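Reading through the structure tokens given below for one structure.
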Amino acid sequence: MPASREPVSRTGKPNPVDIHVGSRVRLRRTLLGFSQEKLGEAVGLTFQQIQKYERGANRIGASRMYALSRVLDVPVAF
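Written out as structure tokens, the structure is:
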């Protein structure tokens, strides 16, 4: 059976991979001194969406990950 593509599991908890990716975004954002609002503005999102990404509640798509990596000045693999 293929792995779920949903960011939230059937138990209602975010996927551990999405949590890890979100925590890396949060780490880099805070190291740069960016607020969620400032990061959101830089990539065309609301601060609420940045919050969801950082918590792992929403999965970050490839093109959005690329945009975030450019703004945060890190490789996508960070």
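One gets my numbering by counting positions in the sequence shown from 1 and adding 4 to each.
Where is the CB? At the ideal position from N, CA and C, for every residue including glycine.
Just so it is clear, the structure is predicted and the values come from calculations on it, not from any experiment.
Where residue i falls: helix, strand or coil (DSSP)
i   : result
P18 : strand
L49 : coil
A61 : coil
S73 : helix
A66 : helix
S27 : helix
Pairwise C-alpha distance: residue j and residue i
i   : j   : result
S39 : A46 : 11 Å
P79 : S73 : 6 Å
L76 : A66 : 15 Å
T15 : L36 : 34 Å
A61 : T34 : 19 Å
Y57 : S27 : 9 Å
A71 : Q52 : 17 Å
I54 : F82 : 17 Å
Residue i, buried or exposed, once every other Cβ within 10 Å from all chains shown has been counted against 16
i   : result
P20 : exposed
S44 : Contrary to the premise, residue 44 reads as Gly rather than Ser in this sequence. With 16 or more Cβ atoms within 10 Å of its Cβ, G44 is classed as buried.
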